[in-house]
Every structure is written in C-alpha cells, then in structure tokens.
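Trainee: Shown below is the structure under consideration.
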Amino acid sequence: MMQLSRLLGHVWVPVGLCGACLLSYYAGGGVAAAGVPLSIVMLTGWLLWLAPWASARDDTGDEESHASGEPPLLRHAQRDVDDEVSDVPLSVLGTAYRRRELEAIEQVVDAILDKCITLIRARLTGHTIAILFPTADGGYRIRRYASASDHINEDAVIYPGVGVIGSFLKDGLKQLKLEDIVTDSMTLYYYRKDAGIRSLMASPIVVGGVERGTIIVDSTEKKHFTDEDHAFLSTMAEVCGQAVYYAYLYNEHKLDHTRLMAMSSTEKYFFQNHDIDAVFDRMAEIIPFAFPCARMTISLKDPEANVAHIKRAWGTDAGAFADMEFALDGKTLAGILYAKNLCFYRNFSTDRYEIRYHEKEPRTRGLGSFLAFPIGVEECKGLILLESQGKDAFGHSSRDLLSRLVTSAGVAIEKIQILKQTESMATHDGLTGLYNHRQFQLLLKEAITRSIRYKDPLALVICDIDYFKRVNDTYGHRFGDSVLVEIAGRLGKSIREGIDVAARYGGEEFALILEKTDADRALETTERIRQGLERATFQTPHGKEITISMSFGIAVYGKHARTQESLIQRADKALYAAKTNGRNRSELYLSGDTELHVPRVSGGTTAAAPRRKGTARS
Numbered sequence: 004m005m006q007l008s009r010l011l012g013h014v015w016v017p018v019g020l021c022g023a024c025l026l027s028y029y030a031g032g033g034v035a036a037a038g039v040p041l042s043i044v045m046l047t048g049w050l051l052w053l054a055p056w057a058s059a060r061d062d063t064g065d066e067e068s069h070a071s072g073e074p075p076l077l078r079h080a081q082r083d084v085d086d087e088v089s090d091v092p093l094s095v096l097g098t099a100y101r102r103r104e105l106e107a108i109e110q111v112v113d114a115i116l117d118k119c120i121t122l123i124r125a126r127l128t129g130h131t132i133a134i135l136f137p138t139a140d141g142g143y144r145i146r147r148y149a150s151a152s153d154h155i156n157e158d159a160v161i162y163p164g165v166g167v168i169g170s171f172l173k174d175g176l177k178q179l180k181l182e183d184i185v186t187d188s189m190t191l192y193y194y195r196k197d198a199g200i201r202s203l204m205a206s207p208i209v210v211g212g213v214e215r216g217t218i219i220v221d222s223t224e225k226k227h228f229t230d231e232d233h234a235f236l237s238t239m240a241e242v243c244g245q246a247v248y249y250a251y252l253y254n255e256h257k258l259d260h261t262r263l264m265a266m267s268s269t270e271k272y273f274f275q276n277h278d279i280d281a282v283f284d285r286m287a288e289i290i291p292f293a294f295p296c297a298r299m300t301i302s303l304k305d306p307e308a309n310v311a312h313i314k315r316a317w318g319t320d321a322g323a324f325a326d327m328e329f330a331l332d333g334k335t336l337a338g339i340l341y342a343k344n345l346c347f348y349r350n351f352s353t354d355r356y357e358i359r360y361h362e363k364e365p366r367t368r369g370l371g372s373f374l375a376f377p378i379g380v381e382e383c384k385g386l387i388l389l390e391s392q393g394k395d396a397f398g399h400s401s402r403d404l405l406s407r408l409v410t411s412a413g414v415a416i417e418k419i420q421i422l423k424q425t426e427s428m429a430t431h432d433g434l435t436g437l438y439n440h441r442q443f444q445l446l447l448k449e450a451i452t453r454s455i456r457y458k459d460p461l462a463l464v465i466c467d468i469d470y471f472k473r474v475n476d477t478y479g480h481r482f483g484d485s486v487l488v489e490i491a492g493r494l495g496k497s498i499r500e501g502i503d504v505a506a507r508y509g510g511e512e513f514a515l516i517l518e519k520t521d522a523d524r525a526l527e528t529t530e531r532i533r534q535g536l537e538r539a540t541f542q543t544p545h546g547k548e549i550t551i552s553m554s555f556g557i558a559v560y561g562k563h564a565r566t567q568e569s570l571i572q573r574a575d576k577a578l579y580a581a582k583t584n585g586r587n588r589s590e591l592y593l594s595g596d597t598e599l600h601v602p603r604v605s606g607g608t609t610a611a612a613p614r615r616k617g618t619a620r621s
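Residue numbers (the numbering used here): 4 to 621.
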C-alpha cells in the first residue's frame, strides 16, 4: 500500500494544488476577492496531496505499531528502507533505466498540464488554452493545449521579438493582456491559418525566480477577459509551475535515491567479498551500462614488478586488450595515469594516436575522449579507463558516481589484499614464499588422511643445501638468502601444481609432499631436481660463478612408516644418509631389522644409513 500511495503522489500534487485553488475562487470569486492568501491555498493543496498517504494504512502493521508505541509512519518508512536495501537491481545504474524514468516523468508532467488546462477551462471560456515550455535554443514551444481550432501549429517555436507573442517574450516573461487584436492569427505563430483571434492573455510560469514557461488563453471576441480572469490565470500559472517543478524534483530525487541504494548494495557486495576477481566481475557488470562508453578496461599493478595487467576488458577491440601486460614506464597513457594517481579526463588528441597500454595494441580510431580513475587508497594499485566516441563525453555526474564506485572497489581490493597477505604470513615463509613449517605439518596430516582413505601412495622428501653455512660465511647472508629464494622457486616449479606441496622445513632445509607417488617415482622426481640444480650456476656479489648442490631423503607412507611423526623421522634419516654418503645425492629409506641399508639406485642414489648420535650435518 505504501508503494501505491507513493505512486499516487504524482497525480495528487496537481489535483490538490489546483483543486484547492479552484475551490477558493468559486467560494469567493478569486483569491483577491475572497481574501485568501496564496500560502493558505498552497497549504490546502498539500494537505489534499497527503490524503492518500494517510489512508494507505496497513492494518496489521498499524496494530503492531500501536502495540509497540512506535509511530506507524516511521515504522512503514523503516520497512520500506529495509526492503529497498535488501534487493536493488543493478539496472538502476544504467542509462536505459534513467531514460525510462525520464520518459515516465514527462508523461506525469503532461498529466499535470492537462489537469491545469481542465481547471482553467472550467473557469474561463476561450478559443485556445496553450502551455508553452522553453526550448534549448531560447524559444518557446507548445507542450500541451486545448483548442476549438483544427489549425494549431504544434511544431511552431516562438522566439523572443518575433510576432505578437514574441514581443511579449522579448524582455523576459511577463503578464500580457491584449483586448483588441487586429492582425492575422498566424502572427501568433501557433496557428497555421487565421482563426480570428481578437483577445489574448498570458501569464508566465515562474518558479524560484526562474522562467519555466507561459500559459496563453485566447478568444475570438474582443475584450473577452476581465482583470479577475487574468488574476486567476496568473495564480494557475504559479500553481502549475509549482506542481511541475516538484514533479521533476521528485523524479530527480527518486533517480538519485535508487542510484544511491544500488551503490550501497554494490558497496556491501564489495566489502563482504574476499575475492578480487569477484570485485572486478561486478565492476565490469556495472560500469559499461552505468556510463555509456565504447571501451572499458580495468588493470591491476603487479606488486612484485613495475608492470600491470589488464584484468577486464569490454567494448571495442576488447579481446586484444584482455590479459595484456604493460610496463609502467610513463611512455603510455596508462603509465602516466598510474604515476599521477588521480582522476583524469580529457579529449584525445586529433593529431596522433595516443598509446593506451602497449605499442602493439590495436590503434582504434574514432574515440574522442576518456575518463580514468585510479584504484587504491593511498597509492595507485589499479586503473579504470573508460573511452568514448564523443568529445567531452563524461560529465560531472558520471565522474561523481564513478568516483564513489571506484573508491569503494579500491577499499575492498586493498582489504582483500591485506587479508591475503595476513593469511600468507600465517601459512607461508616470508623469504621464499613456500609454505612454512607449521602449515607443512597440517598439509602432511591431510595428505596422510587422503592416502589412507583412497589407498594411494604418499612420498615425503626432506632435502637441504649442501655446505650452505660455508656459502653464507663466504659470500654473506644476503647472497645466501638469494640462493634460498632461487632454490625454493626451482622446487615449486618442479612439482605438480595443485597436487604436490613444497615447504620450507627450516633454515636451509625444504620438504616436498608428493601425493599418489611411490618410491620409484619419488626418486625420479628428486633426481630431476638434483641434476637440474647441479647444472645451474649462481653469481656471487663479486661476480664469481659458483655451483650449489642439494641432498635428498625419501620415505613412503605405509611402506616405511605408519604415523606422521615416524614418516618425518624416516625421511630425515634418509637425508642424513645422503649427507654421510657424499652429499649431492638422493637416498631412499629402506626398513630392516638391523637398519643397515643397501644402495638402491645407480648414479647419485644410495640407501640410507641411520644417523649417528651426536653428529651434525651441513
């Protein structure tokens, strides 16, 4: 019912205002004669307008409100707000929705004008009653009319200083009363043929000191209109202007309100989401339809390098820009915008093509202007670039709305990045980026559970860098850290992504969890890693090239151990054997009563011997 009453508000504005005005005239022969101030007339009209709101009651809701002591109107308003926030379609941000709403309000305005004309006809007798609205080029055109003539020129535009009406408009809108017109009616410009018009009066529609139109009433009789008639027309012009003004104002507020509600819904989605891609998806869903453009691109800066990647692309040649990597060197439009870190909009140069991202991008012609917004709170972490075919295509309202959208998205993206960094710090090693020891233990426990459930083999590899202490002492800890990072990267790339796990076990030690992998395949994997590292060289701070080797110990769950703790111990023993037997080799733990083991594989691989108590490896 509240929604229905809100809709009826459009119609009751003119009915209330104009009806109250008409009643006062019939009761006392005009406002002046009756002694009724215009403010009282207006107040009466607004009270009539509120009538349907007061009558639109929800019996159940009112009973609940009275029981709780809460005013019914406040309770209904809160209910409406809750309903609107809960489910606002994103289409309200689009230009199509705005276009439909603007068309709808024009129909409402036409209904208001028709009602005003009806009320004027009930009080005055005339040949034609016409309401003229201003045009963009400074003239006035008939918006609505009622006439006894079939020769009304609906397309005529009356310009100030031209014709009888034009002279009335020349120095601005003012009251006009002509009692003895002798010229052809065509000089009035809203007739196609002479209609024999002999008298005419007009009153300007002025609201807030702004001229918004005029109402004209004419007659085929001389001196047909009295001063009282003119006073009535003047009042009706004022009432009509107020009704139309508030109808437009209501519509603007409605559009702003629905946009704000949709924005609030979008911001809520942003802040509740923990996935950057989901934020980008929602932005790509909204922006091209809320802001008419030929192309939209959204890019994100790589935190590890001076490059950025286009994450979403829409519109002209979008496929060529999707997933594009580009340098932030200041040689392209995007590079400059990233460096400036501010909202920027202007027309494109007509003399040359301005490279947006990369010199190899398609050089699309016919794009006239752009609007760019940085994504980020304090620094530019991303960029939204809108391009349009028209010049000066992005106005103030577009910039304001996009600013709010991008600011919210930027805060959400930074929040997601901080959360991921925090999670990563809790689960990953800060230097190498591999899983840390704590997370390794949890992942190994999960892998063992899967191995038992599905009866799949599971291999654990513990490995470390040979003579790493000597490397640190000779070339410094900074170089030692770079060696750890390089080897961690090699280990991560040497295993199956999404299946196996690489972790930093501690110091220069690393661990690999190889699921669905038996002893032979585990040996093949470690040998491939070992041999690849054996061929690699590392450049020291002094420019000297050195080689680094690693030793590997392997144990298989179910074959060598039946608990997590014993599996780690057996892999560690196998690593100790690799160290004891000369380093730079892979050793597989072999169980036996005496724990004396036989070499298992040719090349750099032998069986593990138990670690001697009190000895240390390096």
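The beta carbon of each residue, even a glycine, is placed where N, CA and C say it ideally should be.
1. List the whole-angstrom C-beta distance separating Tyr348 from Phe397, where the pair is believed to meet the contact cut-off of C-beta under 8 Å.
2. For Leu422, name the three-state secondary structure that DSSP assigns.
3. Express the C-alpha separation of Ile219 and His233 in angstroms, rounding to a whole number.
4. Quick check on this structure: which residue in Leu570, Glu270, Glu364 has the alpha carbon closest to the alpha carbon of Val409?
5. Going by beta carbon distance, what residues of the same chain come within less than 8 Å of Arg195, once the five residues before and after it are set aside?
6. When the distance is taken between beta carbons, is Lys304 closer than 8 Å to Ser385?
7. Considering Cα atoms alone, identify which of Asp320, Ala330, Arg586 is closest to Arg368.
8. With DSSP collapsed to three states, give me the class of Thr217.
9. What do you reckon, are the CB atoms on Lys225 and Arg201 nearer than 8 Å?
10. From Ser454 to Glu489, what distance separates their C-alpha atoms?
11. With a cut-off of 8 Å, do at least 3 Cβ pairs link the segment 563-582 to the segment 453-472?
12. For Ser302 versus Ala311, is the C-beta spacing smaller than 8 Å?
13. If the criterion is Cβ atoms closer than 8 Å, does the pair Leu135 and Gly216 meet it?
14. Would you report the Cα separation of Ala505 and Phe513, rounded to the nearest angstrom?
15. If you scan the segment 290-336 from start to end, which runs of the beta strand (DSSP E) of 3 or more residues do you find wholly inside it?
16. Kindly list the residues whose CB is nearer than 7 Å to the CB of Ile43, restricted to its own chain and excluding five residues on each side of it in sequence; keep chain order.
17. Under a three-way DSSP split, which group does Ala139 fall into?
18. Using three-state DSSP, classify Tyr635 as helix, strand or coil.
19. Quick test of your reading: Ile468 and Gly413, contact by CB under 8 Å. State the CB separation rounded to the nearest angstrom.
20. Within 10 angstroms of its Cβ, does Gly338 collect 16 or more other Cβ (buried), or is it exposed?
21. Expressed to the nearest angstrom, what Euclidean distance is found between the alpha-carbon atoms of His399 and Val486?
22. DSSP three-state call for Ala564: helix, strand or coil?
23. Going by beta carbon distance, what residues of the same chain come within less than 6 Å of Ile358, once the five residues before and after it are set aside?
24. Please determine, among Glu417, Glu500, Asn350, Leu388, the residue with the shortest C-alpha to C-alpha distance to Phe273.
25. Measuring only the C-alpha atoms, how far is Thr452 from Ser411?
26. How far does the beta strand (DSSP E) with Leu389 in it extend, from its first residue to its last?
27. When the distance is taken between beta carbons, is Gly318 closer than 8 Å to Ala342?
28. How many Å lie between Asn475 and Glu362 at the Cα?
29. If we count the other Cβ atoms within 10 Å of its Cβ and call it buried at 16 or more, is Val185 buried or exposed?
30. List the residues that DSSP assigns as beta-bridge partners of Gln542.
31. Which of the three DSSP states, helix, strand or coil, is assigned to Leu122?
32. If you draw a straight line from the alpha carbon of Glu598 to that of Glu426, how long is it in whole angstroms?
33. Where does Ala159 fall in DSSP's three states?
34. For Arg147, which beta-bridge partners are listed by DSSP?
35. Taking Ala581 and Gly556 to be in contact with their CB atoms under 8 Å, please state how far apart those CB atoms are, rounded to whole angstroms.
36. What separation, rounded to the nearest whole angstrom, lies between the Cα atoms of Asp230 and Glu241?
Mentor: For this structure:
1. Position 345 of the sequence shown, counting from 1, holds the residue named residue 348. Position 394 of the sequence shown, counting from 1, holds the residue named residue 397. With a Cβ gap of about 5 Å, Tyr348 and Phe397 count as contacting.
2. Within the sequence shown, residue 422 is the residue found at index 419, counting from 1. In the structure shown, the three-state DSSP call for Leu422 is helix.
3. Residue numbering aside, residue 233 sits at position 230 when the sequence shown is read from its first letter. Residue numbering aside, residue 219 sits at position 216 when the sequence shown is read from its first letter. Taking the straight line joining both Cα atoms gives about 10 Å.
4. On the sequence shown, residue 409 is found 406 positions in, with the first residue counted as 1. When Leu570, Glu270, Glu364 are compared, the shortest CA-CA separation from Val409 is found for Glu270.
5. Along the sequence shown, read from residue 1 onward, the residue named residue 195 stands at position 192. The residues His154, Ile155, Asn156, Met189, in chain order, have a CB closer than 8 Å to that of Arg195 in the same chain once the five nearest residues on each side in sequence are set aside.
6. Working through the sequence shown from its first residue, we reach residue 385 at position 382. Working through the sequence shown from its first residue, we reach residue 304 at position 301. Strictly speaking, residue 385 in this sequence is Gly, with Ser absent from that position. Cβ atoms of Gly385 and Lys304: closer than 8 Å.
7. Mapped onto the sequence shown, residue 368 falls at position 365. Nearest option by C-alpha distance: Asp320.
8. The count along the sequence shown starts at 1 and reaches residue 217 at position 214. Of the three classes helix, strand and coil, the one that applies to Thr217 here is strand, per DSSP.
9. Locating residue 225 in the sequence shown gives position 222, counting from the first residue. Locating residue 201 in the sequence shown gives position 198, counting from the first residue. It is a contact, given that the beta carbons lie within the stated cut-off.
10. Here the question's residue 454 lines up with position 451 in the sequence shown. Here the question's residue 489 lines up with position 486 in the sequence shown. When the Cα atoms are used, Ser454 and Glu489 turn out to be separated by approximately 31 Å.
11. Contact between the segment 563-582 and the segment 453-472 is present, because at least three Cβ pairs lie under 8 Å.
12. Here residue 302 refers to the residue found at position 299 of the sequence shown. Here residue 311 refers to the residue found at position 308 of the sequence shown. Yes, the Cβ-Cβ distance between Ser302 and Ala311 is below 8 Å.
13. Here residue 135 refers to the residue found at position 132 of the sequence shown. Here residue 216 refers to the residue found at position 213 of the sequence shown. Contact: yes.
14. What you label residue 505 is simply residue 502 of the sequence shown in a count that begins at 1. What you label residue 513 is simply residue 510 of the sequence shown in a count that begins at 1. In a straight line, the C-alpha of Ala505 is about 7 Å away from that of Phe513.
15. The segment 290-336 contains these whole beta strand (DSSP E) runs: 298-304, 310-318, 328-330.
16. Counting from one through the sequence shown, the residue named residue 43 turns up at place 40. Note on Ile43: pLDDT 40, under 50, position unreliable in the model; no value is reported.
17. Here residue 139 refers to the residue found at position 136 of the sequence shown. DSSP places Ala139 in coil when its eight states are reduced to three.
18. The structure shown does not extend to residue 635, since the chain is modelled only from 4 to 621, so the question has no answer here.
19. As a first step, residue 468 is located in the sequence shown; it is residue number 465 there, counting from the start. As a first step, residue 413 is located in the sequence shown; it is residue number 410 there, counting from the start. Not confirmed; about 42 Å, so no contact.
20. The residue given as residue 338 occupies position 335 in the sequence shown. Classification for Gly338: buried.
21. Position 396 of the sequence shown holds residue 399. Position 483 of the sequence shown holds residue 486. Their backbone Cα atoms lie some 54 Å apart in a straight line.
22. Numbered from 1 along the sequence shown, position 561 holds the residue referred to as residue 564. When secondary structure is reduced to three states using DSSP, Ala564 falls in the strand class.
23. Working through the sequence shown from its first residue, we reach residue 358 at position 355. Take Ile358, set aside five residues on each side of it, and the residues of its chain with a beta-carbon closer than 6 Å to its own are Thr335, in chain order.
24. Taking the first residue of the sequence shown as position 1, residue 273 is located at position 270. For Phe273, the closest alpha carbon among the candidates Glu417, Glu500, Asn350, Leu388 is that of Glu417.
25. Locating residue 452 in the sequence shown gives position 449, counting from the first residue. Locating residue 411 in the sequence shown gives position 408, counting from the first residue. Between Thr452 and Ser411, the C-alpha separation is close to 42 Å.
26. Position 386 of the sequence shown holds residue 389. Residues 385-391.
27. Translated into positions along the sequence shown, residue 342 becomes position 339. Translated into positions along the sequence shown, residue 318 becomes position 315. Contact flag unset, no.
28. On the sequence shown, residue 475 is found 472 positions in, with the first residue counted as 1. On the sequence shown, residue 362 is found 359 positions in, with the first residue counted as 1. Approximately 44 Å, taken between the alpha carbons.
29. Working through the sequence shown from its first residue, we reach residue 185 at position 182. Counting other Cβ atoms within 10 Å of its Cβ, Val185 stays below 16 and is therefore classed as exposed.
30. By 1-based counting over the sequence shown, the position of residue 542 is 539. Note: Gln542 sits in a beta bridge opposite Glu548.
31. Sequence index remark: in the sequence shown, residue 122 carries index 119 (1-based). DSSP places Leu122 in helix when its eight states are reduced to three.
32. On the sequence shown, residue 598 is found 595 positions in, with the first residue counted as 1. On the sequence shown, residue 426 is found 423 positions in, with the first residue counted as 1. Caution is warranted here: a pLDDT of 38 is assigned to Glu598, below 50, making its placement in the model unreliable, and no coordinate value can be reported.
33. One-based indexing of the sequence shown puts residue 159 at position 156. In the structure shown, Ala159 adopts coil according to DSSP, grouped into three states.
34. As a first step, residue 147 is located in the sequence shown; it is residue number 144 there, counting from the start. DSSP output for Arg147 lists Ile134 as bridge partner(s).
35. Here residue 581 corresponds to residue number 578 of the sequence shown, with the count starting at 1. Here residue 556 corresponds to residue number 553 of the sequence shown, with the count starting at 1. That belief holds up - the Cβ atoms of Ala581 and Gly556 are roughly 6 Å apart, short of 8 Å.
36. For the purposes of this step, residue 230 is taken as residue 227 along the sequence shown, with counting starting at 1. For the purposes of this step, residue 241 is taken as residue 238 along the sequence shown, with counting starting at 1. A direct Cα-Cα distance of roughly 17 Å separates Asp230 from Glu241.
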